[in-house]
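As structure tokens, the structure follows; a few thoughts come after it.
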């Protein structure tokens, strides 16, 4: 049996046992003890078409990061004409590669009847397009194994982290951000679009605005809540196999 466990869990477990030494032998013993006492869930590898989609999407994201680096160089005020020309040529190449890989991502989705069906389900949610759907599906192994929408939100680091104690310690709740950062980033811009065009997410945003907190604080709270709501809707359509229903999402 194989299990995949967040290393932070094992590190925290070692601290709870007051571990003082850090050697390969000691680490192996602690991992074995963790598995024996905590019984982590067995891992089932995703289908081959999902692994292929995962790698293609990751490649697009890496190319986008490289392209943004070149854009930043251009905006930094390059003095050398030769360096500027080289940077622009590299940026043109990267953009061509991004477009090419995004086509390959969509081809991979269309090659699988199941992925194609799931993409249509996700695109039924206002705010989510084909590229966002592909990014979610590439990270969808946890969707397949999560037992609840809340667990999936925790996996993406979209659950609130609260720090209060008595009446003296009352920190503003923030996103935990302990989880899959790629899935979290994939939902940022779609959540902003959904706050305008998705009735369920828009209603949530309006309720939070009505609380009247400080402007910059409420903006962060609203976007985080919208991302979490969007992920809950994603979980719902994928688990039910039914497209987005505004009446059901609004609880009517």
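Residue numbers (our numbering): 8 to 259.
Glycine is no exception: its CB is placed at the ideal position from the N, C-alpha and C atoms.
Just to confirm, is the Cβ distance from residue 64 to residue 109 under 7 angstroms?
no
Whole-angstrom distance between residue 100 and residue 83, CA atom to CA atom
20 angstroms
Measure the beta-carbon distance from residue 74 to residue 105 and round it to whole angstroms, keeping in mind my assumption that it falls under 8 angstroms.
7 angstroms
Mind reading off the beta-carbon distance from residue 245 to residue 128? Whole number of angstroms is fine, and I expect it under 8 angstroms.
6 angstroms
DSSP three-state assignment for residue 42, whether helix, strand or coil:
helix
Answer yes if the segment 112-119 comes into contact with the segment 51-65, meaning at least three C-beta pairs across the two stretches below 8 angstroms, and no otherwise.
yes
What does the alpha-carbon distance come out to for the pair residue 138 and residue 90?
33 angstroms
Taking buried to mean at least 16 other C-beta atoms within 10 Å of its own C-beta, is residue 256 buried or exposed?
buried
Per-residue burial, residue 94 [other beta carbons within 10 Å of its own, 16 or more giving buried]
buried
For residue 120 and residue 111, the rounded distance between their alpha carbons:
16 angstroms
Excluding five sequence neighbours on each side, which residues of the same chain lie with their C-beta closer than 8 angstroms to the C-beta of residue 70?
101, 104, 105, 108
Output the residue ranges of the beta strand (DSSP E) runs that lie fully inside the segment 92-137 and measure 3 residues or longer, sorted by chain position.
none
Measuring alpha carbon to alpha carbon, tell me which residue in 218, 86, 36 is nearest residue 20.
36
Output the distance between the C-alpha atoms of residue 79 and residue 88, rounded to the nearest integer angstrom.
16 angstroms
Does residue 200 come out as helix, strand or coil in the three-state DSSP assignment?
helix
Just the Cα atoms here: how many angstroms apart are residue 216 and residue 199?
14 angstroms
Residue span of the alpha helix (DSSP H) that contains residue 14, given as start and end:
14-23
For residue 204, collect the residues of the same chain with a Cβ closer than 7 angstroms to its Cβ; drop the 5 residues on either side in sequence, then sort them by chain order.
133, 134
With 16 other CB atoms within 10 Å as the buried threshold, where does residue 263 fall?
There is simply no residue 263 to check, as the chain begins at 8 and stops at 259 in what is shown.
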